[in-house]
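Quick note on the UniProt record's numbering: the sequence shown kicks off at 1 and runs consecutively.
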Amino acid sequence: MKKSSINKIFVFIASFSIFPGLLLSSCVNERNPKDQSEVTIKLKQKRPLTTNEMFVENYLNQIQPDKKLADLYKRTQLTISNAFYDELKAALITASPSNINVLSKSASENSLQVTNSINTIKNTLTKNWFWYLWNINQNTYVLNYFNDDYTDIKGNEETPDNPKNTKSLFDYVQDKYKSYFYNLKNLTFEGIKTFELPNQKHDVYTVKTANYLKLGTDAFIVFFRYTQDNKEEILFSPDVFVKNVENLDLNTLIDSFNTNYILAYENIIKQMINYYTVLGEENPEDLAYKEHADNVLFSLYTKNNYASVFNRTLDLVNNDQLKLLRYRWGDINEIKN
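Structure representation (structure tokens):
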């Protein structure tokens, strides 16, 4: 894609506005209340949970059976301060998840700001995953068809209905959908499909799963669960994959994506083994697996992470037909009570 086009996308993102507010706040005006009982009554009046919110609560209870711990975590998530919204909104512009090399490419005087932005996004997609899902309908995602270093994909054979290069795919989406953006405003969570991931040489985690959160009947989000030091961890990818062919079943697409994710990973390993063999390196297999071990895969802003496998996965899924479009988290809109 031409540089000017990329700049237009981010100028548009930066122009979005947000007025942060507490997720669950009281409507009580505490100035001179008529009496304490009135205040108490109003404090207890809360809106009913949405379908998505109930889904998130149920999922938390499923993965954390200790009710006290689950309730404590939920309270911390629902009382995240107003300042966090501003911080996150700025972070998505300063350290776009689309560019894993954003820190190394930033000017030295901006490195601290970029580092803080990276940490904000990392924490949101790991430690604060509950908050992320609770507010996901406020997110806007941007079409992402770039390499990991945010350079254009070029030189692939393509057809008008199955574009393979960055510029032609953006043109295709603009012509078909009239926008490069995708929001989840009216989408509901429809379940999670879970697949166990095999342990590979030099992996450090155990009990690994790839999980696919279905958004309505046309989209899904991938997240990983794994055990580290006897503690379960979660990483949500900042991507949304959207069905581009109407008559395809979403569950079938998810199955295909997961199968091809495994295949793409294996292809990368084979390619790297061959590469190190040609270089005459000792133990080329060890080198390949170490560079792509699960502690690297399940990370953000890291070379050889899951995103590079996603790129290969999409190539396989979309080989004969453009079945899936990939969008990446670009902005968070106003949080409303």
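Heads up, the beta-carbon is just placed ideally off N, CA and C, and yes, glycines get one too.
Three-state class that DSSP yields for residue i in the structure shown
i, result
"ILE234", "strand"
"ASN283", "coil"
"GLN77", "helix"
"THR227", "strand"
"THR159", "strand"
"LEU250", "helix"
"PHE84", "helix"
"ARG47", "coil"
"LYS178", "coil"
"LEU297", "helix"
"THR259", "helix"
"ASP320", "coil"
"LYS164", "coil"
"ALA95", "coil"
"ASP66", "coil"
"ASP171", "helix"
"THR302", "coil"
For residue i: DSSP bridge partner residues
i, result
"VAL219", "Strictly speaking, residue 219 in this sequence is Ala, with Val absent from that position. According to DSSP, which records beta bridges pairwise, ALA219 is partnered with LEU215, VAL242."
Residue range of the beta strand (DSSP E) that includes residue i
i, result
"ASP331", "324-332"
When the options are compared against residue i, the one with the closest alpha-carbon
i, options, result
"ASN183", "GLN138, LYS164, GLU157, LEU92", "GLN138"
"ALA293", "ASP315, LYS243, TYR265, GLY280", "TYR265"
"SER237", "ASP161, VAL222, VAL278", "VAL222"
"LEU324", "GLU57, LEU169, GLU53, GLU87", "LEU169"
"GLU57", "ASN99, PHE195, TYR306, TYR132", "TYR132"
"ASN143", "VAL242, LYS89, ASN186", "Here residue 143 is Leu; the residue named in the question, Asn, does not match the sequence. For LEU143, the nearest C-alpha among the options comes from VAL242."
"PHE130", "ASP171, TYR276, MET54, TYR306", "MET54"
"LYS176", "ALA288, VAL245, VAL204, ASN52", "VAL245"
"THR159", "ARG328, GLN321, THR188", "GLN321"
N- and C-terminal bounds of the alpha helix (DSSP H) containing residue i
i, result
"ASP315", "306-317"
"LEU60", "51-63"
What are the complete alpha helix (DSSP H) segments, minimum 4 residues, inside the region 127-157?
129-134
Runs of beta strand (DSSP E) wholly within the region 180-213 (minimum 3 residues, chain order):
181-183, 189-196
Ignoring anything shorter than 3 residues, give me the beta strand (DSSP E) runs that lie fully in the region 98-122, in order along the chain.
none
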